[in-house]
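Enquirer:
Protein chains in written order, with the numbering used here: chain A, 19 to 250; chain B, 61 to 608.
1) With distances taken between CB atoms, is the gap from residue 122 of chain B to residue 142 of chain B smaller than 7 Å?
2) Is the separation between the beta-carbon of residue 136 of chain B and that of residue 186 of chain B shorter than 7 Å?
3) Restricting to Cα atoms, I'd like to know which of B:468, B:296, B:323, B:174 is closest to residue 251 of chain B.
4) For the putative contact between residue 158 of chain B and residue 470 of chain B, defined by C-beta atoms under 8 Å, what is the C-beta separation to the nearest angstrom?
5) In angstroms with no decimal places, state the Cα-to-Cα distance between residue 15 of chain A and residue 220 of chain A.
6) Just how far apart, CA to CA, sit residue 374 of chain B and residue 445 of chain B?
7) I want to verify the contact list: residues of chain A whose CB lies under 7 Å from the CB of residue 179 of chain B, in sequence order.
8) What's the gap between the Cα of residue 132 of chain A and the Cα of residue 146 of chain A?
9) Taking the alpha carbon of residue 208 of chain B as the reference point, which residue from B:229, B:191, B:190 has its own alpha carbon closest?
10) With DSSP collapsed to three states, give me the class of residue 451 of chain B.
11) Sort out for me which residues DSSP pairs residue 484 of chain B with in a bridge.
12) Mark residue 206 of chain B as exposed unless 16 or more other C-beta atoms lie within 10 angstroms of its C-beta, in which case mark it buried.
13) Quick one: Cα of residue 20 of chain B to Cα of residue 573 of chain B, how far?
14) In terms of residue numbering, what span does the alpha helix (DSSP H) encompassing residue 403 of chain B cover?
15) Sorted by chain position, which residues of the same chain lie with C-beta nearer than 7 Å to residue 79 of chain A's C-beta, five sequence neighbours on each side aside?
16) From what residue to what residue does the alpha helix (DSSP H) around residue 183 of chain B run?
17) Any beta carbon from chain A within less than 7 Å of residue 99 of chain B's own beta carbon?
18) Residues of chain A with a CB under 7 Å from the CB of residue 248 of chain B: which are they?
19) Let's see if you can read the secondary structure: which residues bound the alpha helix (DSSP H) around residue 358 of chain B?
20) Check the Cβ-Cβ distances between residue 444 of chain B and every residue of chain A, and say whether any is below 7 Å.
21) With 7 Å as the C-beta to C-beta threshold (strictly closer), list the residues of the segment 428-459 of chain B near chain A in chain order.
22) Below 8 Å CB to CB, which residues in the same chain sit around residue 208 of chain A once its five sequence neighbours on both sides are set aside?
23) Please name the residue in A:74, A:242, A:139, A:98 whose C-alpha comes closest to that of residue 192 of chain A.
24) Using a 10 Å radius around the Cβ and a threshold of 16 neighbouring Cβ atoms, would you call residue 150 of chain A buried or exposed?
25) Can you give me the Cβ contacts of residue 440 of chain B inside the same chain, cut-off strictly under 7 Å, excluding the 5 residues immediately before and after it?
26) Taking its Cβ as the centre, do 16 or more other Cβ atoms sit within 10 Å of residue 596 of chain B, making it buried, or is it exposed?
27) Step through the CB atoms of chain A and report whether any lies within less than 7 Å of the CB of residue 297 of chain B.
28) Hey, is residue 244 of chain B's beta-carbon within less than 7 Å of any beta-carbon in chain A?
29) Using the three-state DSSP reduction, which class does residue 37 of chain A fall into: helix, strand or coil?
30) Within the same chain, show all residues whose beta-carbon is closer than 8 Å to that of residue 109 of chain B, passing over the 5 residues directly before and after it, in chain order.
31) Is the shortest distance between the beta-carbon of residue 200 of chain B and the beta-carbons of chain A less than 7 Å?
32) Could you name the residues of the same chain whose beta carbon sits closer than 7 Å to that of residue 299 of chain B, not counting the 5 residues immediately before and after it, in chain order?
33) Going by DSSP, what residue range makes up the alpha helix (DSSP H) through residue 88 of chain A?
34) Between residue 141 of chain B and chain A, is there a C-beta pair that is closer than 7 Å?
35) Does the Cβ-Cβ distance between residue 153 of chain B and residue 194 of chain B come in under 7 Å?
36) For residue 287 of chain B, return the contacting residues in chain A, with the cut-off set at a CB-CB distance below 8 Å.
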């Protein structure tokens, strides 16, 4: 908050800024963390809606979804999962360094997280590109060539694939931008006093985005592969 | 903003009035960039009143068309657009943000002894998102309207309608974020900002009701957001999600839509119930009977409200067994609602009742909400619903709850807290007259619709059988009275800003922290942080018992 309590005495250790409407730092800290958790609850409901739609259609068209899932690259998905989990590690280290007051290391961890996020998004973009290339993107009335059975539900599968991973990618882009905003402060040594609130909150958000992918990956890429295995 | 803060700490200067949140700064900028929850409440009041009038004007036009069985004023397309506009505006831009946005924002921090909401800037952002969403709806209105009904059922909305569905969807999506952020702010504020001594069971029931509302906002609205987003993707990017030609299921849309939109009716009515608790206690000078039951009834409504959405799909091809479960669950929700009605009635019993305007509205609420709630039980019964589904019976039912309930409580609350918000009293005589007029006009409008629906007149048609005309004329006559009755408070409340008598800090001699600070309150609500050592609604407290 911009309007701050104007009480720093000459002797005081650098205290975190407390907004005028909070009594003290603890109250502000608790309120902000609870606010972020509440926001994440709304995100769970948001993605939950999409996942519910997916589950109902997969239950209705199990074979179509199993065949369609074969068109996604499980190796690329696995690699991306590895990348994203690693980025969760780097952001967790960032929070840790913010606690211990190693401000510059916070900055480097944010940079590492952003870099890993960018790799993820790059691979995602490449996957999208191949889908367009193979005419497997059922949007904007583009041609849709699919040799397998049930092209109708397959279109729904790819519609959900683009919709869900697209919304997830949008969340990642927002996270990357927010983290980038924290980097200058980290290199100005502003986290030297263990004032970790901002980093903790962006960390919570990033972990959540990571967790969404942990659901999306098996749902979309790892549909019971034996169902669609040749010869069955 | 810094100007406001500085002014409260400045040395006292010889002035006519002490500094308060209204006279702290006069510039337009100080309003549009304010982070003061009280000013944001007034910003909501302005926006919401505007949308209420717009939605009301749409209703006036189609009520006029319904005077005669033939089509004379408008074509069916215009009629469809008007009732859609009425529904969208009244639900998303009046009923949902109404009481939380205006009274909740203004009162919750004061009632819990806080200086502001937990996130003041987020609070201002909520208002801006609300207004931006509203601008999309205004654009749709001017550009040519939308004809899907406020329910946006697919595949009509996603594939066939040639009206401004996308712009409307974007507007509602944005306004949804306003609702989510308001809910988030309320939850964190009630958890973390209570002043010393303000325990959960000392909270006014208005705060409990808004807390329960906030839970629904936070849990339900995101589901509406993803649903609208999927429809928008289907319409804009031609991704088929609900398209039956691909094997998609339009009824799935209805499930997702009502997963939010049924709880949303509790977003609309729970804050109203909170207002009624305050009004009934203040004007009967009694502690609300069964305080804890009323508080927990709010939470029970919030939880149960998520389990009843299927009663909107009794005739949509939903499985009969699902229908039976939803029917029973829908009846269960009558229990906490009835607890509240009985407890308010018992609060009035043996109270020192004074019939001021706010109580007139509260008593109106009690009667009308009871009728609305009981007819809800009819609709929750599978067999009867098949008969009256999509008839005027349903229209009358939800207007008894939404208008007879929420709007009555909203007006009662505005009158009750008007002296606190503005520092001025409203003219009591005019106000009582308008309250009675609202009640009469409301019943004349909507009671005939119960009969129309039971006789089989379907909703959403602009032509009807000639036998229905007399009841429709009564309804239109009532709507005219109601429309005029709503203009009275708008007129005399604005008048009172300049000419109303000055209000004291506690003109009703009521209890509660909001009456322990000046009218209007200072920018940070209290000159020093209050310490609470009393229960809610301690009307008959013997001063001698206070500390022993």
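The C-beta atom is built at its ideal place from N, Cα and C for all residues, glycine as well.
Please read these numbers as outputs of a predicted model, since none were measured by experiment.
Expert: Well, looking at it:
1) What you label residue 122 of chain B is simply residue 62 of the second chain in a count that begins at 1. What you label residue 142 of chain B is simply residue 82 of the second chain in a count that begins at 1. For the pair residue 122 of chain B and residue 142 of chain B, the CB atoms are nearer than the 7 Å cut-off.
2) Translated into positions along the second chain, residue 136 of chain B becomes position 76. Translated into positions along the second chain, residue 186 of chain B becomes position 126. Contact: no.
3) Sequence index remark: in the second chain, residue 251 of chain B carries index 191 (1-based). Comparing Cα-Cα distances from residue 251 of chain B to each of B:468, B:296, B:323, B:174, the minimum goes to B:174.
4) On the second chain, residue 158 of chain B is found 98 positions in, with the first residue counted as 1. On the second chain, residue 470 of chain B is found 410 positions in, with the first residue counted as 1. At roughly 6 Å, the Cβ-Cβ gap stays under 8 Å, so residue 158 of chain B and residue 470 of chain B are in contact.
5) A question about residue 15 of chain A goes unanswered here, because the residues of chain A that appear run from 19 up to 250.
6) Here residue 374 of chain B is taken as the residue at index 314 of the second chain, counted from 1. Here residue 445 of chain B is taken as the residue at index 385 of the second chain, counted from 1. Each residue's CA atom was taken as its position, placing residue 374 of chain B and residue 445 of chain B some 8 Å apart.
7) Along the second chain, one-based indexing puts residue 179 of chain B at 119. Contact annotation for residue 179 of chain B against chain A: 53 [CB-CB distance below 7 Å, chain order].
8) Looking up residue 132 of chain A in the first chain gives position 114. Looking up residue 146 of chain A in the first chain gives position 128. Rounded to the nearest angstrom, the two C-alpha atoms are 21 Å apart.
9) Counting from 1 along the second chain, the entry for residue 208 of chain B is found at position 148. With distances taken between Cα atoms, residue 208 of chain B lies closest to B:229.
10) One-based indexing of the second chain puts residue 451 of chain B at position 391. Residue 451 of chain B falls in the strand class under three-state DSSP.
11) To locate residue 484 of chain B, count along the second chain from 1; it is residue 424. Paired residue(s): B:562.
12) Numbered from its first residue, the second chain carries residue 206 of chain B at position 146. The residue is buried, with at least 16 neighbouring Cβ atoms inside 10 Å.
13) With chain B covering only 61 through 608, there is no way to say anything about residue 20 of chain B.
14) Looking up residue 403 of chain B in the second chain gives position 343. First-last of the alpha helix (DSSP H) with residue 403 of chain B: 394-408.
15) The sequence position of residue 79 of chain A within the first chain is 61, counting from 1. The residues are 168, 171.
16) For the purposes of this step, residue 183 of chain B is taken as the residue at position 123 of the second chain. Its alpha helix (DSSP H) spans residues 180-203.
17) As a working mapping, residue 99 of chain B is identified with position 39 in the second chain. By this cut-off, residue 99 of chain B is not an interface position.
18) Looking up residue 248 of chain B in the second chain gives position 188. Going along chain A in sequence order, the residues near residue 248 of chain B (Cβ under 7 Å) are 49, 52, 53, 56.
19) As a position in the second chain, residue 358 of chain B is number 298, starting the count at 1. Element bounds for residue 358 of chain B: 351-364.
20) To locate residue 444 of chain B, count along the second chain from 1; it is residue 384. Output row for residue 444 of chain B: interface = no.
21) none
22) On the first chain, position 190 is the one that residue 208 of chain A refers to. So the qualifying residues of the chain are 121.
23) What you label residue 192 of chain A is simply residue 174 of the first chain in a count that begins at 1. The residue with the shortest Cα to Cα distance from residue 192 of chain A is A:139.
24) For this step, residue 150 of chain A is matched to residue 132 along the first chain. It is exposed - the Cβ of residue 150 of chain A has fewer than 16 other Cβ atoms within 10 Å.
25) The residue labelled residue 440 of chain B in the question sits at position 380 within the second chain. Answer for residue 440 of chain B: 371, 387, 390, 391, listed in chain order.
26) Counting from 1 along the second chain, the entry for residue 596 of chain B is found at position 536. Under this definition residue 596 of chain B is a buried residue.
27) As a position in the second chain, residue 297 of chain B is number 237, starting the count at 1. Yes, contact with chain A.
28) The residue you call residue 244 of chain B lines up with position 184 of the second chain. Residue 244 of chain B counts as touching chain A.
29) Position 19 of the first chain, counting from 1, holds the residue named residue 37 of chain A. Strand, per DSSP.
30) As a working note, residue 109 of chain B is residue 49 in the second chain. Correct list, in chain order: 550.
31) Looking up residue 200 of chain B in the second chain gives position 140. No - not a single Cβ of chain A is within 7 Å of the one on residue 200 of chain B.
32) The residue labelled residue 299 of chain B in the question sits at position 239 within the second chain. For residue 299 of chain B, the CB contacts under 7 Å within the same chain, skipping 5 residues up- and downstream, are 293 in chain order.
33) Taking the first chain and counting its residues from 1, one reaches residue 88 of chain A at position 70. Element bounds for residue 88 of chain A: n/a, residue is neither H nor E.
34) Against the second chain, residue 141 of chain B aligns to sequence position 81. Taking Cβ atoms only, chain A never reaches closer than 7 Å to residue 141 of chain B, which makes this a no.
35) The residue you call residue 153 of chain B lines up with position 93 of the second chain. The residue you call residue 194 of chain B lines up with position 134 of the second chain. Contact flag set, yes.
36) Here the question's residue 287 of chain B lines up with position 227 in the second chain. Near residue 287 of chain B (Cβ distances below 8 Å), the residues of chain A are 67.
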